[in-house]
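Report on one structure; see the data block that follows.
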Amino acid sequence: GVIDATGDESGWEIKLRAPDGQFSFGSVTGQTNGSFVCNFLVTLSGVYQLTTTLDAQPLSAGLPGTTGSPFALYLWPGIASSASYVVNQDVLPGRVSQEPIRVRVQAADKYGNLRSTGGDSLNVTIDALPLTAFSVTDHSNSSYDLGISVTKTGMYQAAIRVWGITVIGSPVTLNITSGAMVPTHSLVTFLSTATAGVTAQFAITARDIYHNEREVGGDAFVVSCTSSVREVAGLVQ
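According to our numbering, the stretch in the sequence shown is residues 316 to 552, in order.
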């Protein structure tokens with residue numbers, strides 16, 4: 316018949332050699348059906364060597380007809396968690412209407428083990444710009460590139476999450492400056508009157524394609540004035 320193994324755990328030893336050379340030990344629990352269950356908990360992913368001994372002899376020697384000790388045991392990283400982190404954490408410069416700002420994210424489980432595959436869900440939010448568009452490039456090796464496209468100038472905080480959990484280094488500061496000047500989006504403050512012989516002046520506010528005011532000068536505007544008498548041309552700096 317079946318021999319109840321409950322309480323008959325003496326003589327067993329479960330030893331695991333971790334990838335970093337450190338050792339840890341598990342336990343054995345006898346079952347009512349005569350079998351034994353091995354229990355262990357480790358937090359470092361990688362290849363382990365697991366040795367099971369009974370009365371100081373490897374399992375294959377202690378129990379004739381059995382094999383498998385020692386054997387290699389591969390522990391995979393867990394799901395991505397808050398231990399994931401932003402690789403480039405400095406203030407990131409960018410221009411509207413140019414290439415998206417690139418942010419590299421490394422996914423890791425809660426013990427800090429780097430994930431070995433892709434497929435994680437990442438999200439970017441900017442409270443001040445709730446409609447900000449972003450893209451995710453999955454390199455299938457636990458690293459991701461986020462492309463953040465911002466159309467309004469200013470300093471912003473971009474919150475980055477994996478599976479809804481904020482990662483280390485989030486929020487990321489984005490410093491967005493204007494794009495190239497677009498004449499049809501620039502603003503002219505018109506004059507209604509001027510005095511003959513006196514240089515007339517009026518303001519032009521240079522703007523980019525998203526109507527952001529330019530932070531620097533250097534744009535050249537050519538202005539011409541037509542009257543019933545003659546045409547007067549000038550160069551605006």
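We put the CB at the ideal spot given by N, CA and C, even for glycine.
Computed from a predicted structure; not experimentally measured.
According to DSSP, residues forming a beta bridge with Arg419:
Partner(s): Asp460.
To the nearest whole angstrom, what separates the beta carbons of Leu461 and Ile475, a pair I think is in contact under 8 Å?
Between Leu461 and Ile475, the beta carbon gap of about 7 Å places them in contact (Cβ cut-off 8 Å).
Taking the continuous beta strand (DSSP E) assigned at Thr629, which residues delimit it?
Because residue 629 is not part of the residues shown, which for the chain are 316 to 552, the question remains open.
Among Ile463, Val451, Asn428, Val401, the one whose alpha carbon lies nearest that of Leu444
When only C-alpha atoms are compared, the closest one is Ile463.
For Thr492, which option in Ser501, Thr499, Gly469, Trp478 has the closest C-alpha, if you only look at C-alpha atoms?
Comparing Cα-Cα distances from Thr492 to each of Ser501, Thr499, Gly469, Trp478, the minimum goes to Gly469.
Buried or exposed: Thr321, going by 16 or more other Cβ atoms within 10 Å of its Cβ?
Of the residues assessed, Thr321 falls on the exposed side of the cut-off, its CB having fewer than 16 other CB atoms within 10 angstroms.
What residue range does the beta strand (DSSP E) around Gly341 cover?
Under the DSSP assignment, Gly341 falls in the beta strand (DSSP E) whose first and last residues are 338-345.
According to DSSP, residues forming a beta bridge with Tyr363:
Beta-bridge pairing links Tyr363 to Leu388.
Can you grab the Cα-Cα spacing for the pair Val538 / Ser397, in whole Å?
Near 57 Å, if we compare the C-alpha coordinates of Ser397 and Val538.
Nearest-angstrom Cβ-Cβ length linking Arg430 and Ser457, presumed shorter than 8 Å:
At roughly 3 Å, the Cβ-Cβ gap stays under 8 Å, so Arg430 and Ser457 are in contact.
On the three-state DSSP scale, how would you describe Leu444?
When DSSP states are grouped into helix, strand and coil, Leu444 belongs to the coil group.
Taking all protein chains shown into account, do 16 or more other C-beta atoms lie within 10 angstroms of the C-beta of Pro392, making it buried, or fewer, making it exposed?
With 16 or more Cβ atoms within 10 Å of its Cβ, Pro392 is classed as buried.
Which residues does DSSP pair with Pro408 in a beta bridge?
Paired residue(s): Asn490.
Run through DSSP, which three-state label would Leu369 get?
Annotated three-state conformation of Leu369 is strand, per DSSP.
Decide if the stretch 350-361 is in contact with the stretch 332-339; the criterion is three or more beta carbon pairs, one per stretch, under 8 Å apart.
Cβ pair count under 8 Å is three or more, so yes.
Could you check whether the stretch 477-485 touches the stretch 521-533, counting it as contact only if at least three pairs of C-beta atoms, one from each stretch, sit closer than 8 Å?
Not touching, per the Cβ criterion.
Considering Arg476, what are the terminal residues of the beta strand (DSSP E) in which it resides?
For Arg476, the enclosing beta strand (DSSP E) starts and ends at 469-477.
If Ala555 and Ser455 are in contact, beta carbons under 8 Å, what's the gap, nearest whole angstrom?
Any property of residue 555 remains undetermined from this structure, which presents the chain solely from 316 to 552.
For Leu437, which of helix, strand or coil comes out of DSSP?
Residue state, collapsed to three classes: strand.
Applying the criterion that 16 or more other CB atoms from any shown protein chain within 10 Å of the CB defines a buried residue, is Val343 buried or exposed?
The residue is buried, with at least 16 neighbouring Cβ atoms inside 10 Å.
Taking buried to mean at least 16 other C-beta atoms within 10 Å of its own C-beta, is Phe449 buried or exposed?
The C-beta of Phe449 has 16 or more other C-beta atoms within 10 Å across all chains shown, which makes the residue buried.
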